[in-house]
Amino acid sequence: MERESRDQILQSGGVPLVISCLSSNRDETVLSAITTLMNLTTAASLVQCMLRFSLTQNSRLRNLASVFLEDYCTQQQVDKARGEMQGQSQSAVGIPLPKD
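Numbered per my numbering, the sequence shown spans residues 13 to 112.
Structure representation (structure tokens):
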């Protein structure tokens, strides 16, 4: 992502709009949102979402979520998110996943 585009999204408060795209029923929209968010934020709630996406049967979504977690998050962020999720459902169930 170009620095100018990144700055524009951040300055205009666009991150929540991109995050809202994660609940789309369209596979390509969710994948694009994840790719965009890689360059914008690694907020704790987003790390938790990626942990859940990494458990889905959708291989494209699972792989991209894994890349997000491995390449854009610190191990400390992932461990903290896992700890916060303890006692909660450890599956992608409940996330409105895209239809294949």
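C-beta: ideal position from N, C-alpha, C; glycine also.
Please read these numbers as outputs of a predicted model, since none were measured by experiment.
- prompt: Where does residue 33 sit, in a helix, a strand or coil, going by DSSP?
  reply: Residue numbering aside, residue 33 sits at position 21 when the sequence shown is read from its first letter. Reduced to three states, the DSSP call for residue 33 is helix.
message: Pop quiz: residue 97 and residue 48 are said to be a contact at Cβ under 8 Å. What is the actual Cβ separation, rounded to whole angstroms?
response: In the sequence shown, the residue the question calls residue 97 occupies position 85. In the sequence shown, the residue the question calls residue 48 occupies position 36. In fact, because the Cβ distance is near 23 Å, the residues do not count as touching under 8 Å.
query: How many Å lie between residue 23 and residue 72 at the Cα?
result: By one-based count along the sequence shown, residue 23 stands at place 11. By one-based count along the sequence shown, residue 72 stands at place 60. Taking the straight line from one Cα to the other gives about 30 Å.
task: Find out if the Cβ-Cβ distance for the pair residue 153, residue 54 is shorter than 8 Å.
output: Residue numbering for the chain in the displayed model covers 13 to 112; residue 153 lies beyond these limits and cannot be assessed.
field: Reduced DSSP secondary structure (H/G/I, E/B, other) of residue 47
entry: Taking the first residue of the sequence shown as position 1, residue 47 is located at position 35. It is helical.
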